[in-house]
Every structure is written in structure tokens, then in C-alpha cells.
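Notes for the one structure printed next.
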Amino acid sequence: MDVRNIGRHFYTITQHKLLVMRECFKLGLYWQGLLHDLSKYSPSEFWTGVKYYQGNRSPNAAEREAIGFSVAWLHHKGRNKHHFEYWIDFSNDRTKGLVGNKMPLKYVAEMVCDRIAACKVYRGENYSSGAAWEYYAFTKPYITPLLHPETQALLERLLWMLKEKGEEQTFAYIRRLLKKGTYGKAGTCKKQKVKK
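Structure (C-alpha cells):
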């Protein structure tokens with residue numbers, strides 16, 4: 691293990707956390723902003739991050755490639771409600787098996803902030819307001835079966851709005867949704883179909 695990765699990984703996760711905190715504060719999600727991703731500093735997540743640190747993507751992906759799954763990710767997703775994977779459970783309908791449950795709006799909002807911050811950290815100078823949409827489009831074939839349809843529709847609407855209208859207008863829209871306490875109407879923002 692490269693000991694320099696201790697400082698590098700700490701800097702990366704802290705930079706990400708501070709960016710998410712700033713974005714959450716813009717939405718009035720102060721408590722969520724403060725608590726965001728604290729589990730990344732726990733031994734089971736932190737030392738995996740140091741061991742598999744690369745600087746341009748999540749160390750969890752490298753751990754997954756090395757051993758077939760990510761212990762750090764399994765720990766992380768079970769403790770952070772802004773990940774849709776946290777909301778996967780067995781359906782009451784036994785024929786359906788595992789299903790994604792509808793996420794509370796405040797966690798969908800935090801998920802958007804998380805995706806923006808991750809793209810800013812990993813893309814650096816190459817970040818654009820379309821980065822989070824592009825990453826979502828890349829992963830959509832793998833995650834669609836696990837997302838609740840309403841959560842998926844809202845996430846796509848927000849990421850497309852971010853791409854087309856920028857952060858300021860998207861955050862203003864999210865603040866209105868949070869004030870109303872609803873996902874809003876599915877047709878509020880035109881969105882492009884995600885290519886499979």
C-alpha cells in the first residue's frame with residue numbers, strides 16, 4: 691500500500707463531502723449536508739479507499755474488480771439513504787423478489803447533490819453541467835431494474851434539467867419540490883431518452 695494514498699484519499703473524500711454539503715445547504719438540507727458520507731471515514735471504508743485509491747474514480751470500483759465485490763460499498767450503501775440501493779428490499783409480492791422502493795424526496799435531492807459533487811471531483815476541469823446526466827446514462831441499463839419507477843423518473847428529470855438549464859435553475863426547482871413535499875409532475879421538464 692502506498693502511504694501517500696492516505697492523504698490523497700482523505701483529501702478526495704473530504705473535498706467530495708464539502709461539495710455535497712455546500713450543495714445540500716443551497717437546498718436547505720443542512721443536517722443531511724453535515725452528515726453526508728460520514729461512513730467513508732470509518733475503518734472498513736476508509737482503508738479500502740486508501741488501498742484501491744486511483745484519484746480518477748471510486749476505489750470501490752477497483753476493489754470490485756480485484757475481489758469480485760466491494761466490501762466498502764456494501765458497508766456504505768447500507769448506511770447512506772441518498773443511495774437508491776439503500777431502499778432495495780424484498781417485495782410483499784413474493785413473485786417480484788427484490789425491488790426498489792420509492793425514495794423520500796429529501797434523499798433524492800441529496801443523491802443529485804452527491805452525483806454533482808462526484809462528477810466535479812473526478813472530472814475536475816472537464817466538469818460540465820451535463821456530467822451527472824452522462825454518468826447516469828452510462829449506468830442506466832444496470833440500475834433501472836433496481837430503481838423505483840417514480841424515483842427513476844424524478845432523478846432523470848432533475849439530471850436532464852441540470853444538463854439543459856444548469857445548477858441554479860435546477861436547485862430552484864428542487865427547493866420548490868421540497869417546499870411542496872412532492873415529486874412533482876412527471877412532465878415538468880422535457881427530457882431526452884437515455885440511449886441503451
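Numbering-wise, the sequence shown is residues 691 to 886 according to my numbering. C-beta atoms are modelled at their ideal positions from N, C-alpha and C, and glycine is treated no differently.
**Buried or exposed by the 16-neighbour rule on C-beta atoms within 10 Å, applied to MET851** = MET851 is buried by the Cβ-count criterion.
**Message:** Quick check on the burial criterion: 16 or more other C-beta atoms within 10 angstroms. Buried or exposed for TRP823?
**Reply:** Answer is buried; the Cβ neighbour count reaches 16.
**Message:** Within the continuous alpha helix (DSSP H) that includes LEU719, where are the two ends?
**Reply:** Counting along the chain, LEU719 falls outside any alpha helix (DSSP H), and DSSP gives it neither H nor E.
**Asked** Under the DSSP definition of a beta bridge, which residues are partnered with ILE778?
**Response** ILE778 is bridged by DSSP to GLY790.
**Item:** Cα-Cα separation, ARG784 to ILE833
**Value:** Each residue's alpha carbon lies about 21 Å from the other.
**Message:** Just to confirm my understanding: we take ARG769, look at its own chain, exclude 5 residues before and 5 after, and list those with CB closer than 7 Å. What are they?
**Reply:** SER729.
**Prompt:** Whose C-alpha, out of VAL789, GLN842, ALA752, is nearest the C-alpha of ALA827?
**Reply:** With distances taken between Cα atoms, ALA827 lies closest to GLN842.
**Request:** Closer than 6 Å by C-beta to ASP804: which residues in its own chain qualify, once you throw out the five before and the five after it? Chain order, please.
**Result:** Within the same chain, and ignoring the five residues on either side of ASP804 in sequence, the residues whose Cβ sits closer than 6 Å to its Cβ are VAL710, HIS772.
**Asked** Cβ of GLY790 within 9 Å of Cβ of TRP777?
**Response** Taking 9 Å as the Cβ cut-off, GLY790 and TRP777 qualify as a contacting pair.
**Request:** Taking GLU735 as the reference, give the member of CYS714, HIS766, GLN705 with the closest Cα.
**Result:** Nearest in C-alpha terms to GLU735, of all of CYS714, HIS766, GLN705, is HIS766.
**Item:** Touching by the beta-carbon criterion (3+ pairs, under 8 Å), the segment 861-876 and the segment 808-816
**Value:** The answer is no - the segment 808-816 does not touch the segment 861-876, with fewer than three Cβ pairs under 8 Å.
**Request:** Would you mind working out which of ASN695, LEU868, ILE703 sits nearest VAL740, comparing C-alpha positions?
**Result:** With respect to the C-alpha of VAL740, the residue from ASN695, LEU868, ILE703 having the closest C-alpha is ASN695.
**Item:** Cα-Cα separation between ARG865 and GLY718, rounded to whole angstroms
**Value:** Each residue's alpha carbon lies about 8 Å from the other.
**Request:** Leaving out five residues on either side along the sequence, give the residues of the same chain with a beta carbon under 7 Å from the beta carbon of TYR797.
**Result:** Excluding sequence neighbours, TYR797 sits near LYS771, HIS772.
**Prompt:** Relative to the alpha-carbon of GLU840, which residue among TYR812, PHE774, GLY814 has its alpha-carbon at the smallest distance?
**Reply:** Of the candidates TYR812, PHE774, GLY814, the one whose C-alpha sits nearest the C-alpha of GLU840 is PHE774.
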